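For reference, the structure discussed in these notes is given below.
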Amino acid sequence: MHENLQPLRIPPQWSLLWNHLRPIEPGDLAEDDPAWLFTFVQDMLYLRKTSDEQSVAIDLGWYPEGDPQGAYELVTILNDDWNNPLLAFTSRSTQEIVETMEHWLLERIPLSAPIDEPSFRKRYPNQR
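Okay, so the sequence shown: first residue is 11 according to this note's numbering, each after it adds one.
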């Protein structure tokens, strides 16, 4: 079941709730490839880290779902505030998505301390 998944570096503080990310570059697929329907979907990957103070989630999807002209949307959500992502990144490259996600997990999002939202947003303005 886990074969053909994209390898990821995930710190132990994080829980992987689901992962359907495959090491496939969208630009390498024909428009009639079945992967568009089964691989490039809205619910591709979801990670969560919770503590007594707060919860942080990383969500990855393809929008519009199954559309060869779509793109990955990667967001970090603080305390389930889906209307105001803490971080957001859009790309058509699987490699860019993996690199960005791992950068967030390993360097941007604190591993043990709670996120001070105002200073975090000032330091890392959310740009799509």
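We treat Cβ as the ideally placed atom computed from N, Cα and C, and that holds for glycine.
All of these numbers come straight from a predicted model, not from anything done at the bench.
With distances taken between CA atoms, Leu31 lies nearest to Tyr82 out of His113, Tyr82, Asp126 and Trp24.
By the neighbour-count criterion, in which a residue is buried when 16 or more other Cβ atoms sit within 10 angstroms of its Cβ, Leu26 is exposed.
Note that the C-beta distance between Thr86 and Ile119 is below 8 Å. Close CB contacts of Pro78 within its chain, under the 6 Å cut and outside five residues either way in sequence, are with Glu41 and Trp46 (chain order). Comparing alpha-carbon positions, the option among Gly37, Glu35, Phe50 and Leu97 lying closest to Lys132 turns out to be Leu97. Thr49 sits in coil when the DSSP states are folded into three classes, being neither helix nor strand. In the three-state DSSP reduction, Ser65 falls in the strand class (E or B).
Judged by DSSP in its simplified three-state form, Glu83 adopts strand. Contact between Glu109 and Leu18 fails: their C-beta atoms lie close to 11 Å from each other, not under 8 Å.
The beta carbons of Pro21 and Leu84 sit no closer together than 8 Å.
Looking at the DSSP output, Ala98 sits in a beta bridge with Val85.
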